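Structure first, then comments.
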Amino acid sequence: MAVGTDKAGQDTFAHFDPAAMRKADSYKLLASVILPRPIAWVVSRDAAGGVNAAPFSFFNILSADPPLVAIGFSPAPDREGKDTLANIRERREFVVNLVPEDLAEAMNVTATNAPRGVDETRLAGLELEKCEVVDVPRIARSPVALECKLFEVIEPGGSSTIVLGKIVQVHVRTSAFSNLERLHIDPAQLRLIGRMHGAGGYCTTRDTFTIDRLSWPLEKKS
Ligand SMILES: Cc1cc2nc3c(=O)[nH]c(=O)nc-3n(C[C@H](O)[C@H](O)[C@H](O)COP(=O)(O)O)c2cc1C
8 MAVGTDKAGQ DTFAHFDPAA MRKADSYKLL ASVILPRPIA WVVSRDAAGG VNAAPFSFFN
68 ILSADPPLVA IGFSPAPDRE GKDTLANIRE RREFVVNLVP EDLAEAMNVT ATNAPRGVDE
128 TRLAGLELEK CEVVDVPRIA RSPVALECKL FEVIEPGGSS TIVLGKIVQV HVRTSAFSNL
188 ERLHIDPAQL RLIGRMHGAG GYCTTRDTFT IDRLSWPLEK KS
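For the sequence shown, my numbering gives the first residue as 8, with consecutive numbering after it.
Right, here's the structure in full:
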């Protein structure tokens with residue numbers, strides 16, 4: 008492992024070159040410091056129409072115009088590849104559900120490496136709801152669901168695959184809005200969870216604070 012330490016200001020820093028690290032170690036390090044990460048709970052369908060669900064925390068919104076999300080897939084060492092990725096390539100559509108605290112355990116059940124063709128939503132006892140645009144259901148008790156069409160698959164050259172999805176329909180539980188007309192959301196009503204470090208680390212989104220945006224020129228503090 009390429010590690011060097013030096014002092015910058017008050018702290019000592021360790022330095023890593025990801026290219027010089029074992030793949031498992033660079034994954035471990037990066038996934039433990041890029042925190043917290045939102046979780047895409049992806050529902051997809053296989054070629055025969057069977058439903059599949061699994062969580063992915065290498066996930067975020069990358070563009071609002073056009074509305075794009077990105078999901079990063081790692082290889083599955085115990086099988087050919089992840090079912091979700093195969094399904095998205097095959098049918099070119101999927102649904103990203105966001106995960107509330109009370110569905111954390113169910114989300115974890117759907118992360119099992121079940122054989123292809125097993126519907127993890129059944130294993131987890133999840134109720135499904137029909138979508139508007141895509142022929143894939145959403146998770147009924149998830150407060151937010153994003154219907155997506157495949158925009159692009161990026162093969163960055165290593166073992167990972169990145170999927171860009173274009174959001175074509177958004178579902179938000181109305182109780183999550185403090186003002187629906189003005190699109191003001193109360194995150195305390197969503198109670199979403201995020202992914203933290205290690206094999207099983209998570210956080211809630213309950214501990215929040217606000218900072219007013221500043222404009223130029225910066226006002227001098229008195
Ligand atoms: C919270 C959480 C986040 C995860 N994030 C990812 C991820 O970003 N990329 C990935 O490839 N696997 C991720 N996994 C592992 C997949 O969910 C797991 O491999 C799953 O079995 C894939 O299911 P599938 O084969 O039905 O697609 C995550 C697991 C959990 C529990």
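Positions of the beta carbon are idealized from the N, C-alpha and C atoms, including for glycine.
In this text the structure is predicted, and so the values were computed from the model without any measurement.
Could you give the residue range of the alpha helix (DSSP H) that holds residue i?
i: N94; result: 90-98
i: A40; result: Residue identity check: residue 40 is Val in the sequence provided, not Ala. It spans 30-40 - the alpha helix (DSSP H) in which V40 sits, taken as one unbroken run.
i: L84; result: Correcting the residue type first, residue 84 is Pro in the shown sequence and not Leu. Here P84 belongs to no alpha helix (DSSP H), and DSSP marks it neither H nor E.
i: R129; result: 127-130
i: L195; result: Per the sequence shown, residue 195 should be read as Ala rather than Leu. Note, A195: alpha helix (DSSP H), 194-197.
Identify, in the order they occur along the chain, each residue of the same chain with its Cβ nearer than 7 Å to the Cβ of residue i, setting aside the five sequence neighbours on each side.
i: S182; result: Q196
i: A118; result: A61, P62
Please classify residue i as buried or exposed, where buried requires at least 16 neighbouring CB atoms within 10 angstroms.
i: K89; result: buried
i: N59; result: buried
i: F216; result: exposed
To which residues of the same chain is residue i closer than 8 Å at the C-beta, ignoring the five residues directly before and after it?
i: R96; result: L157, V160
i: L221; result: none
i: L135; result: V50, V58, T128, P144, R145, I146, A147
i: A113; result: A131, G132, L133
i: E226; result: none
Among the options, which residue has its Cα nearest to the Cα of residue i?
i: D154; options: A27, D24, V49; result: Correcting the residue type first, residue 154 is Glu in the shown sequence and not Asp. Checking every option, the nearest Cα to that of E154 belongs to V49.
i: P144; options: R202, F80, D219, H178; result: H178
i: P43; options: L92, I68, G208, K227; result: G208
i: I78; options: W223, D24, P45, V140; result: P45
i: L37; options: L225, S64, D53; result: S64
i: P73; options: D32, A61, L171; result: L171
i: G124; options: S167, S149, A93; result: A93
i: F101; options: L110, L190, L75; result: L75
Mind checking who residue i pairs with in its DSSP beta bridge?
i: E159; result: L171
i: D24; result: DSSP lists no partner for D24.
i: E154; result: V102, Q176
i: C138; result: Paired residues: none, contrary to the question.
i: F184; result: I192
Please determine whether the Cβ atom of residue i lies at a distance below 8 Å from any heavy atom of ligand 2.
i: E127; result: Ligands in the displayed structure: ligand 1; ligand 2 is not one of them.
For the beta strand (DSSP E) holding residue i, just list the boundary residues, first then last.
i: L75; result: 74-80
i: V116; result: Looking at the DSSP string, V116 is not in any beta strand (DSSP E); the run it does join, the alpha helix (DSSP H), is 111-116.
i: L69; result: 66-71
i: V50; result: 47-52
Does residue i come within less than 9 Å of chain B when only Cβ atoms are used?
i: V160; result: Reference to chain B is not applicable here, since this structure consists of a single protein chain.
Leaving out five residues on either side along the sequence, give the residues of the same chain with a beta carbon under 6 Å from the beta carbon of residue i.
i: T212; result: P194, L199
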